[in-house]
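Reading through the structure tokens given below for one structure.
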Amino acid sequence: MDDFFDKVRKHADKAKGEAEKLTRRMMDKTNNVITQTKLNFAINETEGKIKEIYAQMGERVYDKHTGGADVYEELEEYCEKLDELFEEVRALREKLAEVKDTVTCPSCGEQNPKTSSYCGKCGSALTKAEKAEEYGTVYAEAEPVKPEETDETEGEE
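Residue 0 is where the sequence shown starts when you use numbering that gives the first Met the number 0, and the numbers rise one by one after that.
Next up, the structure:
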């Protein structure tokens with residue numbers, strides 16, 4: 000009878016361990032989704048600020064233009080702020096790519112699985128340099144060898 004209870008206890012312990020593993024995996028996935036949502040929200044918020052600055056710039060340009068004043072000096076301040084915001088969006092998208100475990104297309108900015116060779120949106124090649132950076136691999140850039148430079152072709156002439 001003790002043998003029966005030992006088997007039941009072992010199976011119960013095993014089931015408990017599997018349930019704990021499943022719970023941890025679900026928590027990790029939930030945290031990942033929450034992080035992605037927060038990053039997407041931050042990106043949208045920053046892009047909203049960019050649109051506000053564009054609107055302010057347009058309004059200022061028109062006001063200055065109608066007043067006959069030089070607009071370029073004042074626009075420099077807006078452009079610097081836009082540069083900061085665009086850099087912030089780039090950094091947030093980079094973090095999002097890390098969380099999603101994807102690679103960014105250099106042409107259109109679309110996120111693609113790391114295993115992709117071409118962008119799913121625009122079809123551009125995801126270069127070896129980008130994939131190498133993602134996987135920690137170094138690809139050497141080799142110069143093509145001309146036939147006259149090989150050992151095989153030296154004695155053929």
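In this text, a Cβ means the ideal position worked out from N, Cα and C, and glycines have one as well.
If you're wondering where the values come from, they're calculated on a predicted model, not measured in any experiment.
Comparing the CB of residue i with every heavy atom of the ligand MG, is any distance shorter than 7 Å?
i	result
glutamate 51	Absent from the structure shown: the ligand MG. Ligands present: none.
Just to confirm my understanding: we take residue i, look at its own chain, exclude 5 residues before and 5 after, and list those with CB closer than 7 Å. What are they?
i	result
alanine 139	With a pLDDT of only 39 at alanine 139, under the threshold of 50, the placement of this residue in the model should not be trusted; the figure read from the coordinates follows. There are no such residues.
Tell me residue i's beta-bridge partners as DSSP assigns them.
i	result
valine 102	Asn111
alanine 124	Tyr117
Is it right to say residue i is buried, meaning 16 or more other beta carbons lie within 10 angstroms of its own, or is it exposed?
i	result
leucine 21	exposed
threonine 103	buried
valine 88	buried
asparagine 111	buried
Output needed for residue i: all residues of its chain with C-beta closer than 8 Å, excluding positions within five of it in sequence on either side, in chain order.
i	result
glycine 108	Arg92
So residue i and residue j are in contact, right, with Cβ under 8 Å, and what is the actual spacing, rounded?
i	j	result
valine 98	threonine 34	5 Å
leucine 38	leucine 84	Contact flag wrong, Cβ pair sits at about 15 Å.
valine 60	leucine 81	Valine 60 to leucine 81, Cβ: 14 Å. No contact.
Leaving out five residues before and five after residue i in sequence, what residues of the same chain have Cβ atoms less than 6 Å from its Cβ?
i	result
aspartate 12	none
For the alpha helix (DSSP H) holding residue i, just list the boundary residues, first then last.
i	result
alanine 41	1-66
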